[in-house]
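Asker:
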Amino acid sequence: MDQARRYKAFDEEFYQQHLSRVSRSFSFCIDQLGGPEKVYVGASYLICRILDTVEDTHWENTDQQNMVFNGFESFFNQPPSSVFVQEWLSLFQQDLVKPEEWKLLEDVAQVFFDFHQFPDEIKQNIQQQVLTMAHGMRFFSEKKVEGQVCLRSLKEVNQYCFYVAGVVGELLTKIFSLKYSQWRLTSYLNAFHFGLFLQKVNLLKDQLVDENEGRNLVPDRSQVYKSIKANALGSFRYLESIPLELKNYRLFCAWSLFIGLQSLPVIQEGFKKNVVKKLSRTKTLILVQRIKSSISHPTEIKALFDQLLDSTNLGDIEVSPVEVVSDHREILKMPYYSGDLTRNELVQLGVF
């Protein structure tokens with residue numbers, strides 16, 4: 007009764023407003039998708055941002071945060087009532103949450119109401135990947151130092167990025183392989199590389215702000231920076247695997263990957279000057295147009311990737327060989343991960 011009175015079917019303007027508030031860059035990329043996939047990806051992104059807020063908010067203790075995690079996870083069982091949402095929101099300290107994130111938290115019931123209208127295959131995919139993300143966040147929350155997440159090695163950085171972003175690569179792949187059934191990857195490895203690449207760029211970009219707020223997510227900046235090359239190469243292999251028939255999704259991934267690559271020198275320059283710097287709007291728009299004109303031409307898009315990779319000073323970095331183990335599909339049980347990556351693939355991602 008509460009749901010029928012308060013919520014309506016998917017409202018594109020509702021999503022566009024929230025996406026624009028929390029991330030203008032991803033809002034732009036998602037807006038290009040079209041069709042039901044735009045709905046699924048937009049809702050998935052907002053669900054992940056809600057979860058990010060649960061992770062990033064300062065909590066008095068882990069038990070309090072776990073109560074909020076529990077409430078979030080229950081939303082996958084059924085859309086929350088307005089009464090439950092108010093009880094859940096009361097666990098947050100509003101003045102510690104950014105205004106745009108608080109507005110999204112207030113609309114959590116609408117987001118999950120829409121989620122529960124999706125086809126079963128889409129719902130199951132989103133739920134599996136987001137709950138893996140949530141459980142990974144809990145895993146790192148339980149290892150906090152003085153109330154803040156602290157990563158102490160490159161392996162922990164890779165594990166953290168695996169949970170908070172790598173699984174998004176698998177989520178997206180499954181959404182678009184349902185749209186175009188001829189696209190069937192034999193491995194999700196490069197989809198995970200795509201997620202790890204984007205998250206590491208964010209960690210480097212936000213390092214000054216994070217450390218000022220007590221979060222130590224980059225234990226060795228040089229080491230993390232160099233590790234990005236393997237993720238960038240894997241990301242481009244993923245882009246190459248996307249059929250030309252999925253042109254809008256190829257654009258979505260190419261924009262994210264190439265803007266990330268072109269941003270790296272700018273981010274590094276800013277860090278040396280102790281300021282947070284971003285790629286200028288003019289350079290971003292020029293790059294977006296170059297990608298758009300090249301996206302259906304594999305040779306041109308490869309040349310652009312190579313050019314941007316060279317600009318990062320990562321070109322001469324050697325990608326370390328990985329351990330070779332038996333080639334049967336032995337699943338390495340990382341905490342809370344139950345997907346299809348093999349032991350070899352997890353080793354290649356640097357999480358083990």
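Numbering (my numbering), first residue to last: 7 to 358.
Beta carbons: idealized from backbone N, C-alpha and C, even for Gly.
#1: Within 10 Å of its beta-carbon, does tyrosine 186 have 16 or more other beta-carbons around it, so buried, or fewer, so exposed?
#2: Between Ser193, Lys289, Asp37, which lies nearest to asparagine 350 when the distance is taken from Cα to Cα?
#3: So, for methionine 143: in the same chain, excluding its five sequence neighbours on each side, which residues have a beta-carbon less than 6 Å away from its beta-carbon?
#4: If you reduce the DSSP assignment to three classes, tell me which class valine 103 lands in.
#5: Using the beta-carbon count (16 or more within 10 Å), is lysine 235 buried or exposed?
#6: If we call anything under 7 Å between Cβ atoms a contact, is valine 114 one with arginine 221?
#7: By the 10 Å Cβ neighbour count, where 16 or more other Cβ atoms means buried, how is serine 302 classified, buried or exposed?
#8: Nearest CA to the CA of asparagine 280: which residue from Leu355, Gly321, Glu246, Leu210?
#9: Leaving out five residues before and five after tyrosine 244 in sequence, what residues of the same chain have Cβ atoms less than 6 Å from its Cβ?
#10: Does the distance from the C-beta atom of leucine 111 to that of histidine 64 stay below 7 Å?
#11: Determine, using beta carbons only, whether leucine 252 and phenylalanine 182 come nearer to each other than 7 Å.
#12: Report all residues from its chain with a CB closer than 7 Å to the CB of phenylalanine 146; omit the five preceding and five following residues, and keep chain order.
#13: Is it true that the CB of glutamine 38 sits closer than 7 Å to the CB of asparagine 254?
#14: Mind listing, in chain order, the continuous alpha helix (DSSP H) runs of no fewer than 4 residues lying wholly within the segment 137 to 209?
#15: Is aspartate 83 helix, strand or coil by DSSP?
#16: Note down, in chain order, each residue of its chain lying with its Cβ closer than 7 Å to the Cβ of phenylalanine 75, except the 5 sequence neighbours on either side.
#17: Could you check which residue in Phe121, Val282, Asp346 has the C-alpha nearest to that of asparagine 218?
#18: Buried or exposed: where does leucine 352 fall if 16 or more other Cβ atoms within 10 Å of its Cβ makes it buried?
#19: What does the Cβ neighbour count give for alanine 309, buried or exposed, with the cut at 16 atoms within 10 Å?
#20: Taking C-beta to C-beta, are tryptophan 261 and cysteine 54 nearer than 7 Å?
#21: Among Glu275, Phe118, Phe242, Asn131, which one has its Cα closest to the Cα of serine 80?
#22: Can you look up asparagine 222 in the DSSP assignment and give me helix, strand or coil?
#23: Which residues mark the beginning and the end of the alpha helix (DSSP H) in which proline 304 is found?
#24: Could you pull the start and end residues of the alpha helix (DSSP H) that glutamine 274 belongs to?
#25: Run through DSSP, which three-state label would phenylalanine 121 get?
#26: Could you please give the first and the last residue of the uninterrupted alpha helix (DSSP H) stretch that includes glutamate 93?
#27: Are lysine 180 and asparagine 131 closer than 7 Å when you measure CB to CB?
#28: For aspartate 346, which residues in the same chain have their Cβ closer than 6 Å to its Cβ, ignoring the five residues on either side in sequence?
#29: Grouping DSSP H, G and I as helix and E and B as strand, with all else coil, what is aspartate 346?
#30: Give the DSSP-derived three-state secondary structure of threonine 68 in the structure shown.
Answerer: In brief:
#1: In the sequence shown, the residue the question calls residue 186 occupies position 180. Tyrosine 186 is exposed by the Cβ-count criterion.
#2: For the purposes of this step, residue 350 is identified with residue 344 of the sequence shown, where counting begins at 1. Nearest option by C-alpha distance: Ser193.
#3: In the sequence shown, counting from the first residue as 1, residue 143 sits at position 137. Around methionine 143: Glu61.
#4: Here residue 103 refers to the residue found at position 97 when the sequence shown is read from its first residue. Of the three classes helix, strand and coil, the one that applies to valine 103 here is coil, per DSSP.
#5: Residue mapping note: residue 235 aligns to position 229 of the sequence shown, counting from 1. It counts as buried.
#6: Here residue 114 is taken as the residue at index 108 of the sequence shown, counted from 1. Here residue 221 is taken as the residue at index 215 of the sequence shown, counted from 1. Cβ atoms of valine 114 and arginine 221: not closer than 7 Å.
#7: Translated into positions along the sequence shown, residue 302 becomes position 296. Counting Cβ neighbours within 10 Å, serine 302 comes out exposed, since fewer than 16 surround it.
#8: Indexing the sequence shown from 1 puts residue 280 at position 274. Of Leu355, Gly321, Glu246, Leu210, the residue nearest in Cα terms is Leu210.
#9: By one-based count along the sequence shown, residue 244 stands at place 238. So the list reads Asn196, Ala197, Phe200, once near-sequence residues are dropped.
#10: In the sequence shown, the residue the question calls residue 111 occupies position 105. In the sequence shown, the residue the question calls residue 64 occupies position 58. No; because the gap between Cβ atoms is not below 7 Å, this pair is not in contact.
#11: Sequence index remark: in the sequence shown, residue 252 carries index 246 (1-based). Sequence index remark: in the sequence shown, residue 182 carries index 176 (1-based). Cβ distance < 7 Å, so leucine 252 and phenylalanine 182 count as in contact.
#12: Along the sequence shown, read from residue 1 onward, the residue named residue 146 stands at position 140. Closer than 7 Å at the Cβ level, and outside the excluded window around phenylalanine 146, lie Val155, Tyr166.
#13: For the purposes of this step, residue 254 is taken as the residue at position 248 of the sequence shown. For the purposes of this step, residue 38 is taken as the residue at position 32 of the sequence shown. Yes, the pair counts as a contact, with Cβ atoms nearer than the cut-off.
#14: List check, alpha helix (DSSP H) in window: 160 to 167, 173 to 185.
#15: By one-based count along the sequence shown, residue 83 stands at place 77. The identity of residue 83 in the sequence shown is asparagine, whereas the question assumes aspartate. Asparagine 83: coil per DSSP, three-state reduction.
#16: The sequence position of residue 75 within the sequence shown is 69, counting from 1. The residues are Val60, Ala140, Arg144.
#17: Within the sequence shown, residue 218 is the residue found at index 212, counting from 1. The option with the nearest alpha carbon to asparagine 218 is Val282.
#18: The count along the sequence shown starts at 1 and reaches residue 352 at position 346. Burial call: buried.
#19: Translated into the one-based positions of the sequence shown, residue 309 becomes position 303. The residue in question, alanine 309, is exposed, as its Cβ has fewer than 16 Cβ neighbours within 10 Å.
#20: Stepping through the sequence shown from its first residue, residue 261 is reached at position 255. Stepping through the sequence shown from its first residue, residue 54 is reached at position 48. Not in contact: tryptophan 261 and cysteine 54 (Cβ atoms no closer than 7 Å).
#21: Taking the first residue of the sequence shown as position 1, residue 80 is located at position 74. Among Glu275, Phe118, Phe242, Asn131, the Cα nearest to that of serine 80 is on Phe118.
#22: Mapped onto the sequence shown, residue 222 falls at position 216. Of the three classes helix, strand and coil, the one that applies to asparagine 222 here is strand, per DSSP.
#23: Against the sequence shown, residue 304 aligns to sequence position 298. Looking at the DSSP string, the run of the alpha helix (DSSP H) that includes proline 304 is 304 to 317.
#24: As a first step, residue 274 is located in the sequence shown; it is residue number 268 there, counting from the start. Taken as a continuous stretch (DSSP letters only), the alpha helix (DSSP H) holding glutamine 274 covers 253 to 278.
#25: Indexing the sequence shown from 1 puts residue 121 at position 115. Three-state DSSP puts phenylalanine 121 in a helix.
#26: Stepping through the sequence shown from its first residue, residue 93 is reached at position 87. Segment 88 to 95, the alpha helix (DSSP H) holding glutamate 93.
#27: Walking along the sequence shown from the start, residue 180 turns up at place 174. Walking along the sequence shown from the start, residue 131 turns up at place 125. Yes, the Cβ-Cβ distance between lysine 180 and asparagine 131 is below 7 Å.
#28: Along the sequence shown, read from residue 1 onward, the residue named residue 346 stands at position 340. Cβ neighbours of aspartate 346 beyond the five flanking positions: none.
#29: One-based indexing of the sequence shown puts residue 346 at position 340. Aspartate 346 falls in the coil class under three-state DSSP.
#30: For the purposes of this step, residue 68 is taken as residue 62 along the sequence shown, with counting starting at 1. Looking at threonine 68 - three-state DSSP - the assignment turns out to be helix.
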